[in-house]
Amino acid sequence: MMRAKFLWLCRHPSAGFGLLALLAGLMAAGTSSRYLDRQEKALQQAAHRVQLDRVVAASSLAAGTVLQAEHLAARAFPAELVPSDSWDVAQFENLVGQVLSQPLRAGDLISKAHVQEVSSPFSQQLLSGRRALTVPVDAISSVSGLIRPGDLIDIYVSFDDRQRRVTAPLLQSVLVLATGQKSGEGSATARLDKDAYNTLTLDVGPDDALKLLAARQHGRISALLRNPDDHTPHQAAVRGELADILGLGPGASPKQPVQVLYGNKPAGQLGQQAEVERLGWLDMPDSFSVGQHHE
Numbered sequence: 006m007m008r009a010k011f012l013w014l015c016r017h018p019s020a021g022f023g024l025l026a027l028l029a030g031l032m033a034a035g036t037s038s039r040y041l042d043r044q045e046k047a048l049q050q051a052a053h054r055v056q057l058d059r060v061v062a063a064s065s066l067a068a069g070t071v072l073q074a075e076h077l078a079a080r081a082f083p084a085e086l087v088p089s090d091s092w093d094v095a096q097f098e099n100l101v102g103q104v105l106s107q108p109l110r111a112g113d114l115i116s117k118a119h120v121q122e123v124s125s126p127f128s129q130q131l132l133s134g135r136r137a138l139t140v141p142v143d144a145i146s147s148v149s150g151l152i153r154p155g156d157l158i159d160i161y162v163s164f165d166d167r168q169r170r171v172t173a174p175l176l177q178s179v180l181v182l183a184t185g186q187k188s189g190e191g192s193a194t195a196r197l198d199k200d201a202y203n204t205l206t207l208d209v210g211p212d213d214a215l216k217l218l219a220a221r222q223h224g225r226i227s228a229l230l231r232n233p234d235d236h237t238p239h240q241a242a243v244r245g246e247l248a249d250i251l252g253l254g255p256g257a258s259p260k261q262p263v264q265v266l267y268g269n270k271p272a273g274q275l276g277q278q279a280e281v282e283r284l285g286w287l288d289m290p291d292s293f294s295v296g297q298h299h300e
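Per this note's numbering, the very first residue in the sequence shown carries number 6; after that it's consecutive.
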């Protein structure tokens with residue numbers, strides 16, 4: 006049977022070629038059908054894939070560009086390919102005014118790592134009528150290493166007056182605006198860390214600023230850290246040498262016994278009582294005003 010078919014094809018070669026072409030066509034049709042089926046399924050899956058709109062660069066942008074609306078565009082991305090720090094189109098306005106930290110090409114996705122906010126001027130932290138005065142840390146002793154933005158400090162000045170050393174309160178409850186280059190803006194509490202600084206920036210009034218500048222030139226200033234809930238002013242000052250202030254000076258005389266009187270008759274001889282000079286503590290003169298920061 007097979008031999009007869011082979012002989013017949015040999016006598017009619019055109020029919021054989023036609024049969025082969027038919028078989029090849031059927032195979033190609035089957036292959037094309039399967040390919041089209043796969044493409045259709047892929048399109049259906051793509052149609053059901055979740056797309057997210059994200060902000061991209063509308064054109065090539067250089068680092069340092071202050072972003073404006075014309076620099077930004079929207080583009081859809083598959084949800085599984087969208088970085089977590091990308092900008093949703095709903096946050097479009099939040100990008101305007103920020104500075105680009107690195108260059109981008111047109112169509113590049115903008116992430117939060119690509120931008121940084123423009124810091125507001127430091128002067129905006131000051132209330133009307135207040136001044137910011139920066140003081141070197143080496144000019145302020147005591148707790149300078151522990152002071153942080155937002156703390157309150159008392160400032161004392163030591164100077165020579167009429168051949169005696171005087172230490173008196175200069176300013177009280179002074180707000181620390183910044184330590185070095187770090188300010189307290191945007192943080193509710195100051196974090197203790199190991200960052201070094203060599204200056205303190207203080208919030209003072211114009212008159213208090215003049216006092217502090219004069220104290221720096223003619224005396225030595227010291228800072229005391231103050232509890233923020235303590236608003237009690239301290240007006241006392243001390244004068245004299247340290248030994249006198251502590252009651253150890255050579256001028257201090259021992260106390261003599263005091264005579265006891267019964268009626269108008271003395272019970273014994275009244276010893277001479279040495280007058281002990283009171284050194285160290287005094288009330289401030291009216292002309293010396295202590296600055297008090299009012300919050």
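Positions of the beta carbon are idealized from the N, C-alpha and C atoms, including for glycine.
Keep in mind that this is a model prediction, so the values were computed, not measured.
query: May I ask which residues mark the beginning and end of the alpha helix (DSSP H) holding Phe97?; result: Phe97 to Leu100
query: Please state whether DSSP places Pro211 in a helix, a strand or coil.; result: helix
query: Identify whether Thr206 lies in helix, strand or coil by the three-state DSSP scheme.; result: strand
query: Give the straight-line distance between the Cα atoms of Lys46 and Ser89, rounded to the nearest whole angstrom.; result: 29 Å
query: What's the call for His223, buried or exposed, on a 16-neighbour Cβ count within 10 Å?; result: exposed
query: Is the beta carbon of Leu230 closer than 9 Å to that of Ile152?; result: yes
query: Between the C-alpha atoms of Thr184 and Ala63, what's the straight-line distance to the nearest angstrom?; result: 41 Å
query: In the DSSP assignment, what residue or residues form a beta bridge with Val181?; result: Leu207
query: Could you give the first and the last residue of the continuous beta strand (DSSP E) run that contains Val60?; result: Gln56 to Ala62
query: Take the Cβ of Thr237 as the centre, count every other Cβ of all protein chains shown within 10 Å, and call the residue buried at 16 or more, exposed below.; result: exposed
query: Which runs of the alpha helix (DSSP H), 4 residues or longer, sit entirely within the stretch 78-132?; result: 97-100
query: According to DSSP, is Ser192 helix, strand or coil?; result: In this predicted model, Ser192 has a pLDDT of only 42, less than 50, meaning its place in the structure is not dependable; the value taken from the coordinates is given anyway. Coil at Ser192, not helix or strand.
query: Could you tell me which residues DSSP puts in a beta bridge with Asp166?; result: Arg169
query: Among Glu75, Gly155 and Val87, which residue has its Cα nearest to the Cα of Arg59?; result: Val87
query: Could you name the residues of the same chain whose beta carbon sits closer than 7 Å to that of Ser116, not counting the 5 residues immediately before and after it, in chain order?; result: Pro88, Asp90 and Ser91
query: Which one or two residues does DSSP pair with Ala137 in a beta bridge?; result: Asp208
query: When the Cα atoms are used, what is the spatial distance from Arg39 to Ala67?; result: 48 Å
query: Count the C-beta pairs between the stretch 201-221 and the stretch 165-181 that are closer than 8 Å, then say yes if the count reaches three, no if not.; result: yes
query: Using beta-carbon positions only, say whether Thr139 and Leu105 come within less than 9 Å of one another.; result: no
query: Grab me the residues of Ala81's own chain with a C-beta within less than 6 Å of its C-beta, minus the 5 sequence neighbours each way, in chain order.; result: Gln56 and Asp58
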